[in-house]
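Residue numbers (the numbering used here): 46 to 490. Note that CB positions come from ideal geometry on N, CA and C, so glycine has one too. All values reported here derive from a predicted model rather than from experimental measurement.
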Ligand SMILES: NC(=O)c1ccc[n+]([C@@H]2O[C@H](COP(=O)([O-])OP(=O)(O)OC[C@H]3O[C@@H](n4cnc5c(N)ncnc54)[C@H](O)[C@@H]3O)[C@@H](O)[C@H]2O)c1
């Protein structure tokens, strides 16, 4: 069966979630484009959007309309080609609205998993709980045809484990979209031991259709992206434990956030990133990796305490950032949490000046990530930045160089453990998925 044939009947499980809803938008557009080809006029196309939460599905109806409109607005040239024969559609707005309606007409929002029975391709995007994922995949296996293929969005559960436990016989592959799937270019592809060649080909072909950058990872818990992120984050968390006697929790978190964002020229500090991903999600990620890798070092008592206190970060449905390690106003960090006192400390207060003083200045000629992003000479400037950092004798420079070294070691360990097969793969994940300007395997350190 060709990919285009598979795209006649598709299901997304966990469709109302963050990832499921984004995947639904991407697939709905592709299905609508196929359906609108003259030769497919009389074929029935169906995208089943399945979730256990009726309420979330209700919210999703509006979400799908808004998102489909947004993407249609950006593709008027393509859409003009698609609707070439439709003389009734003249204005851009008419074409856009027609595409939104045609895409929306393919959708079936439901809590009834049985509708998947005719699906040729199933995307699984239920939250990261292996018992539930396995239970649902088993149910699906019994419902669908023998040639139905499965793509799971798991962030950390080995695909071979899911395959074996759910008895899918190699009809599953890890297709790890990054958040949000509509915007993020990267998809990490993880084949299980038994994944069929046909499914590997479908995964590649779909990536091309969706114009995604595909990077393969070995089937080892956490894969490349979260394999690196979890350990990079744990380093900062452990540094906080080391520094807290002198600077307390809020000061130490501030220090490591500033070191990672400013001194290492990343898009956001490590604690802002942890808040963005969600503290409960990190707790879960570490738990899954700890179990599957049998590695007790993959743990953080600070993460556990924050999760117990229900200070979780993540986003409101409006997209606004919730407070976590940092406090946010209009999505910008304005303060930092101290778990011991249970309160946030404002960045405007005196404590911060003392810490900035202890850290010392940034290297001469420093440009923040956002400025360098569009700078044609960014590689030269980054090189100069890290060279300058190495010449400095400040405490901030020392902390930054230790972090840079650690982050490289983590990446090299992913290589020696066989999670990645080349430095390019690791660097591609960090630059494409995490928007770093340089890969962790570099000559800066
Ligand atoms: N959020 C991220 O940044 C991110 C990034 C990459 C991958 N992932 C992975 O994607 C998957 C989904 O994550 P998310 O953040 O979208 O989670 P989420 O909590 O936003 O959404 C999960 C959805 O699954 C639904 N659900 C739960 N049990 C179900 C069942 N039995 N049948 C059908 N629906 C069910 C929930 O109602 C919810 O709508 C996870 O495996 C996660 O690890 C997440």
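For residue 154, the beta-bridge partners assigned by DSSP are 94.
Taking a C-beta distance under 8 Å as the contact criterion, residue 167 and residue 58 qualify as a contact pair. Taking the C-beta atoms as reference points, residue 264 is found no nearer than 8 Å to residue 225. CA-CA distance, residue 99 to residue 278, rounds to 35 Å. Residue state for residue 383 is assigned as strand, using DSSP reduced to three classes. The beta carbon of residue 112 sits closer than 7 Å to the beta carbons of 70 and 227 from its chain, once the five residues preceding and following it are set aside; these are given in chain order.
Under the three-state reduction of DSSP output, residue 378 falls in the strand class.
Note on the stretch 453-487: whole alpha helix (DSSP H) runs with a minimum of 4 residues are 468-478, in chain order. Straight across, the Cα-Cα distance linking residue 354 with residue 91 is about 43 Å.
Look at residue 221 here: in three-state DSSP terms it is strand. Secondary structure in the stretch 111-144: the alpha helix (DSSP H) runs of 4 residues or longer, each lying completely within the stretch, are 121-127 in chain order. Around the CB of residue 365, fewer than 16 other CB atoms lie within 10 Å, so the residue is classed as exposed.
For residue 391, DSSP records a beta bridge to 380. The beta carbon of residue 64 sits closer than 7 Å to at least one heavy atom of ligand 1. The residues 440, in chain order, have a CB closer than 7 Å to that of residue 403 in the same chain once the five nearest residues on each side in sequence are set aside. Judged by the Cβ position, residue 237 fails to qualify as a neighbour of ligand 1 at the 7 Å threshold, every heavy atom of the ligand being at least this far. Contact between residue 151 and residue 101 does not hold, since the beta-carbon distance rounds to 20 Å and is not under 8 Å. Our two residues, residue 489 and residue 450, have alpha carbons roughly 9 Å apart in a direct line. Residue 310 sits close to residue 417, with the two beta carbons spaced by under 8 Å.
The beta-bridge partner set that DSSP reports for residue 261 consists of 234. Selection 196, 213 and 256 evaluated against residue 234 yields 196 as nearest (Cα-Cα). Residue 124 and residue 189 have their C-alpha atoms roughly 33 Å apart. For the 8 Å CB-CB criterion, residue 486 and residue 471 form a contact.
The alpha-carbon separation between residue 430 and residue 436 amounts to approximately 10 Å.
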